[in-house]
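Single-structure report; data block below.
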Amino acid sequence: MDSLIGVSGKGFVIVAADMSAARSIMAYQYSDHKILQLDDSKVLGGAGPQADRVRFLEYIEKNVKLNALRTGLTASCHGTAHYVRRELADALRKAPYQVNCLLGGVDADGSGHLYWMDYLATMQETKYSAHGYAGYFILSTLDRYYKEDMTLEQGKELIQTCINEVATRFLINQPKWKVSIVTAEGVTEEVTQPTVDLTDKIPE
Amino acid sequence: ENLRFRVNMYKYKEERDIAPETFMNMVCSMQYAKRFGPWFAEPIVAGLDKDDKPYISGSDVVGAPVETSDFIVGGTCTDNLYGTCESLYKKDMDKDELFEVLAQSLLAAVDRDALSGWGGVVHIITKEGVSTKTLKA
């Protein structure tokens with residue numbers, strides 16, 4: 054039931070995830086952080102059963118940190134993405150991680166990259182993508198409104214439009230969303246809510 | 081990634097580029113090594129051997145190879161591709177005609193398959209090098 058949405062542009066990447074932790078008919082909490090910050094220039098969002106997701110994201114986070122300490126270098130987005138994919142691939146035929154990921158980062162040269170990965174270790178670099186049911190609703194929205202030369206503000210608006218669309222049309226209530234914004238300056242995180250008033254949609 | 085690793089190691093150890101026939105054999109061997117848990121891929125190998133003669137071959141998921149002189153097809157719409165290639169193929173085409181035939185065969189075939197399409201990528205290999213073109217859907 055997790056929703057992950059990612060948008061990349063010139064010099065920035067935004068990854069948004071819902072914050073609901075739910076099972077069956079009950080929502081446990083709305084403060085589940087599904088996007089982990091790997092370092093100053095990368096975030097990794099995960100969707101899937103909480104146990105696998107938390108274990109996998111933290112494992113990657115700690116290994117990226119360890120690698121940075123060992124080498125003294127910040128890994129590129131490309132390298133990190135391929136590392137994450139390799140971990141998923143190695144585990145696939147032994148004890149698979151049921152985690153779908155969106156890795157977003159900005160390289161040292163200022164270019165933004167978004168990588169879509171699924172639990173079978175498929176990987177594709179994309180300009181915009183989503184995981185979970187959200188994709189059914191907003192991939193067409195993104196097809197329509199995404200522009201390669203968008204500014205960061207336009208990117209944030211587009212993410213909000215997608216969150217609103219999911220809130221309007223998706224059966225499951227996801228009242229809070231975490232939005233991680235990666236730019237050349239670093240990573241900022243915000244908590245947003247859908248800004249659509251559903252009572253508008255109730256006819257007289 | 082594994083293939084890139086093996087080819088790089090070959091190059092470092094042998095101090096020469098791997099020939100396409102040798103590479104094909106290596107691919108098939110790697111595939112059969114996973115006979116009871118295979119890679120779900122049906123590779124196609126294409127290259128120029130040391131006399132700049134074209135070489136193409138393909139294999140199934142477990143590494144049973146086939147070498148031909150005309151064309152190799154793979155994927156979800158192989159039936160379509162066999163049809164388009166068989167119709168459009170001629171012997172001894174030059175580089176430009178080959179590109180055209182390849183591109184049209186591919187696009188026509190994938191247009192009749194729900195699981196394939198959204199464009200194409202063509203690599204033309206000559207002794208000068210590899211030129212890559214992207215086809216629009």
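Chains as they are written, first to last, in my numbering: chain A, 54 to 257; chain B, 81 to 217.
Each residue gets a CB set at the ideal place from its N, CA and C atoms; glycine is no exception.
Please read these numbers as outputs of a predicted model, since none were measured by experiment.
- In this chain, the beta strand (DSSP E) harbouring F65 of chain A covers 65-71.
- When secondary structure is reduced to three states using DSSP, T133 of chain A falls in the helix class.
- Inter-residue distance for I225 of chain A and D193 of chain B is about 34 Å (C-alpha atoms, whole angstroms).
- 8 Å or more divides the Cβ of P118 of chain B from the Cβ of V153 of chain B.
- Where L173 of chain A is concerned, there is no enclosing beta strand (DSSP E), because DSSP gives it neither an H nor an E.
- If you compare the alpha carbons of A:G157, A:T124, A:N153, A:P149 with that of C130 of chain A, the shortest gap goes to A:G157.
- Distance from the CA of D250 of chain A to the CA of K114 of chain B, rounded to the nearest whole angstrom, comes to 55 Å.
- The stretch 113-126 of chain A and the stretch 70-79 of chain A do not touch, with fewer than 3 CB-CB distances between them shorter than 8 Å.
- Judged by DSSP secondary structure, E242 of chain A falls within the beta strand (DSSP E) whose first and last residues are 239-245.
- When only Cα atoms are considered, I191 of chain A and S149 of chain B end up about 47 Å apart.
- Spanning the alpha carbons of M203 of chain A and P228 of chain A requires a straight line of approximately 27 Å.
- The beta carbon of D162 of chain A is closer than 8 Å to none in its chain, skipping five residues each way along the sequence.
- The three-state secondary structure of K231 of chain A, taken from DSSP, is strand.
- If you check the CB distance, L167 of chain A and S182 of chain A come in under 8 Å.
- A straight line joining the alpha-carbon of K147 of chain A with that of D55 of chain A spans about 25 Å.
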